[in-house]
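Per our numbering, the sequence shown starts with residue 1, numbered consecutively.
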Amino acid sequence: MRMHRLARPATLCLMFAGSFAAAAPSWSLDASNPSGLITETVARREMLRDYDGAKQYGAERVGDRSRAHVQPIGIRAGNFILFPALDTRVFYDDNIFGSSGPKTDDIRTELAPAIVFKSHLPRHILNFALDGRLVSFAENSDQNFIDGRAAFDGALHVDHAHTLALSAETRLSHEERDELSASRFAAQPTPIHNTKVSVGLTRDVGRLYGTLSATAQHTDYFDVDAIGGGKLDQDTRDNDIFSSQLRTGYRFSPGFEAIGKLRLLRRLHTHDASDHLDSTGYEALAGLSMETSPLLRWKLLGGYGLRDYDDAATDNLGTALLEGEVQWLPTQRMTLYATIGREFTDNTADGFSGWVETSVKGRMEYEIYNNIVLKAGIGFTQADFQGQNRKDDIITGDVGIEYYMNKNWLFTFSYEYQNRQSDVNFYDMERNRFMIGAKLRF
1 MRMHRLARPA TLCLMFAGSF AAAAPSWSLD ASNPSGLITE TVARREMLRD
51 YDGAKQYGAE RVGDRSRAHV QPIGIRAGNF ILFPALDTRV FYDDNIFGSS
101 GPKTDDIRTE LAPAIVFKSH LPRHILNFAL DGRLVSFAEN SDQNFIDGRA
151 AFDGALHVDH AHTLALSAET RLSHEERDEL SASRFAAQPT PIHNTKVSVG
201 LTRDVGRLYG TLSATAQHTD YFDVDAIGGG KLDQDTRDND IFSSQLRTGY
251 RFSPGFEAIG KLRLLRRLHT HDASDHLDST GYEALAGLSM ETSPLLRWKL
301 LGGYGLRDYD DAATDNLGTA LLEGEVQWLP TQRMTLYATI GREFTDNTAD
351 GFSGWVETSV KGRMEYEIYN NIVLKAGIGF TQADFQGQNR KDDIITGDVG
401 IEYYMNKNWL FTFSYEYQNR QSDVNFYDME RNRFMIGAKL RF
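Written out as structure tokens, the structure is:
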């Protein structure tokens, strides 16, 4: 029975991918593919040399500037360049549990070592990354945890117009009590093991391009101690998600293009008690991406999504989907961003099978000096939970400075504010966080 359950979504993905196989030469992978695949083709790279507003007019976003004089040069090892780094951050958090009642404040320290292996091959790409995060609290040591991740990204440039890409990642992370999907009865952060593999084919030459890819993801939630004693059983949240995606577009002229996205997914819960959450998902969006001038770029896509649950007693969920973004360069030193979105979040927990998230956000990057960047942002997010009479409104704001002292040292200073108001008062929360960070890079 177990093998039969796993075979069903795999067959769906293969059928979906196979239905487009005959036309695959007309498409390529979109660079913003959520699977994380490398999508650039040789033809696309050469096309950008001929047309790129940033190169022709100096209309370069603050975040895109190379800052070669303060960037690490790496360590050469044959056909690879190694980029080791060690990031240290110290936070003062006045509400570490995101509580609606009495707050618990503490000083939080994060130590994040990382090493990236970037290939330096004549044509193809073969990259590896290993990183981790050690989190400790000055007074609440029972909240300490360690994260880790190993990742691979590869791309085979089959010919001038086609790229075959593969990415794989395994990650151990922790869900803290203040997160939307976390249980408020967990005594410690919940360990989560996630494994994800994606493969895709790219064709990008001329006006017509697109994406065809498939992704398999397994998420395993570990049991965690409960407040007041005992264990919280998290096995009912374990799931497998299989998805297939098509992302395609047509360039009317340089800077003006139509975009379309289709996605089919199958979510299976590996614990019998949560079989009623098994579902099939469908998403479709279409819209335009335009560069009105090298200083003003925008994208707007709209569509519809559906989650069709196997259990007849569970109401299906359908909603409008939205992706919008504006980038404006009012001066050479400033870049402004605005985004709007509406999407499914397929995280599950006791009482709900995910939520629909609607967000509006704005962000500014300002280059005070060639090695000092000011960043600030503000946002509003609404989370409407499926299967539960709960809706959260979240307001966020942050401001910070990045100081690139030299090729090896990067210092950061920031302040973050978050306010969450929920229909269920238990989930209300307000917090302030101050952070000082130092990153050593080679």
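All C-beta atoms, glycine included, are put in the ideal place defined by N, C-alpha and C.
Computed from a predicted model, the values in this text were never measured in an experiment.
| Asked | Found |
| --- | --- |
| With 16 other Cβ atoms within 10 Å as the buried cut-off, status of N425 | exposed |
| Cβ pair count under 8 Å reaching 3, the segment 366-383 against the segment 60-68 | yes |
| Cβ neighbours of F97 in the same chain (closer than 7 Å, five flanking residues each side left out) | T104, R177 and D178 |
| Alpha carbon of R67 to alpha carbon of G437, nearest angstrom | 20 Å |
| Euclidean distance between Cα positions of P444 and D310 | There is simply no residue 444 to check, as the chain begins at 1 and stops at 442 in what is shown. |
| Residue range of the beta strand (DSSP E) that includes I81 | F80 to D93 |
| Contacts around G255, its chain only, beta-carbon distance under 6 Å, and the 5 residues preceding and following it disregarded | E291 |
| Spatial distance of L86 from I146 (CA atoms) | 15 Å |
| Residue closest to K299, alpha-carbon to alpha-carbon, out of V42, Y404, G341 and S100 | G341 |
| I227 burial status per 10 Å Cβ neighbour count (16 or more: buried) | exposed |
| M405 - DSSP class collapsed to helix/strand/coil | coil |
| Candidates I378, P330, V356 and R333: closest to T339 by CA position | I378 |
| Residues sharing a beta bridge with K299, DSSP | S289 and E325 |
| Closest residue to T331 among A59, A77, R44 and V42 (Cα-Cα distance) | A59 |
| Cβ neighbours of G387 in the same chain (closer than 6 Å, five flanking residues each side left out) | F352 and S353 |
| Cβ contact check for the segment 71-78 and the segment 188-197: 3 or more pairs under 8 Å | no |
| Unbroken beta strand (DSSP E) run spanning K118, endpoints | D106 to S119 |
| Integer-rounded CB distance, given that S359 should sit under 8 Å from T381 | 4 Å |
| Element boundaries [beta strand (DSSP E), containing V135] | I125 to F137 |
| CB of H157 within 8 Å of CB of L201, strictly | no |
| Neighbourhood of I115 by C-beta distance below 8 Å, restricted to the same chain and skipping five residues each side | L82, F83, P84, A85, A129, L130 and D131 |
| DSSP three-state assignment for V70, whether helix, strand or coil | helix |
| Cβ neighbour criterion (16 or more within 10 Å) applied to D142 | exposed |
| Stretch pair the segment 264-271 + the segment 236-253: three plus CB contacts closer than 8 Å | yes |
| Residue of G302, Q234 and T248 minimising C-alpha distance to D272 | Q234 |
| Three-state secondary structure assigned by DSSP to G101 | coil |
| Collapsed DSSP secondary structure at V42 in the structure displayed | helix |
| For V62, the residue or residues it bridges with in DSSP | DSSP output for V62 lists no bridge partner at all. |
| Assigned exposure category for G281 - 16 Cβ within 10 Å defines buried | buried |
| Beta-carbon proximity list for L121, same chain, < 8 Å, skipping 5 on both sides | N79 |
| Alpha-carbon spacing of L212 relative to A320, whole angstroms | 23 Å |
| Endpoints, beta strand (DSSP E) assigned at N194 | T190 to D204 |
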